[in-house]
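So for the sequence shown, our numbering puts the first residue at 2; every next one is plus one. The beta-carbon is built from N, C-alpha and C at its ideal position, and this holds for glycine as well.
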Amino acid sequence: MKSKEAVQEEEERIRKRVRELPDDKRLQFFKQAEQDLKDPDTYAVLNYLFVAGLHHFYLGKPLRGTINLCLFITGTIMLFTGLVGAGLLLIIAITVVELRDLFNSQSVVQDYNNEVMEKIYHAVSQNE
């Protein structure tokens with residue numbers, strides 16, 4: 002995971018390059034960015050309400066989301082069988098890992114958005 006400062010510096014670098022684009026390209030960039038960028042608050046709410054990994058699907062990471070969801074369901078099923086301790090341990094482990102993402106949701110989504118902006122910038126600037 003990148004530091005918050007590194008993510009902010011990367012965003013500023015991208016924004017500086019976008020400001021240097023011609024007006025029509027800059028408009029094209031912002032129209033596409035408006036559609037593709039993700040909201041940190043939505044990510045945080047999905048993480049907070051559904052520790053099961055739905056926030057990973059929101060950022061387009063279906064593999065990680067599926068793994069999280071499967072582990073969470075497995076832990077929940079284990080709670081209703083003879084493996085209560087193992088199920089509880091699995092759910093606690095997932096929760097601890099996901100709490101890190103919850104507390105860093107602004108930075109996680111900003112990093113994702115930087116990657117998206119970089120792709121949009123390259124697509125728009127290639128058309129010059």
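Tell me whether residue i sits in a helix, a strand or coil according to DSSP, three-state version.
i	result
residue 75	helix
residue 40	coil
residue 53	coil
residue 82	coil
residue 105	coil
residue 22	coil
residue 61	coil
residue 5	helix
Quick one: using the 10 Å Cβ neighbour count with 16 as the cut-off for buried, is residue i buried or exposed?
i	result
residue 94	exposed
residue 4	exposed
residue 30	buried
residue 132	The first residue shown for the chain is 2 and the last is 129, placing residue 132 beyond what the model contains.
residue 50	exposed
residue 53	buried
residue 1	The question about residue 1 has no answer, for the chain in this structure spans 2 to 129.
residue 74	exposed
residue 8	buried
residue 125	buried
residue 78	exposed
residue 40	exposed
residue 61	exposed
residue 76	buried
Open item on the list: Pairs of beta-carbons, one from the segment 104-113 and one from the segment 42-57, closer than 8 angstroms: are there three or more?
Closed with: yes
Open item on the list: With three or more beta-carbon pairs closer than 8 angstroms as the criterion, would you say the segment 12-25 touches the segment 118-129?
Closed with: Taking 8 angstroms as the limit for Cβ pairs, the verdict is that the segment 118-129 does touch the segment 12-25.
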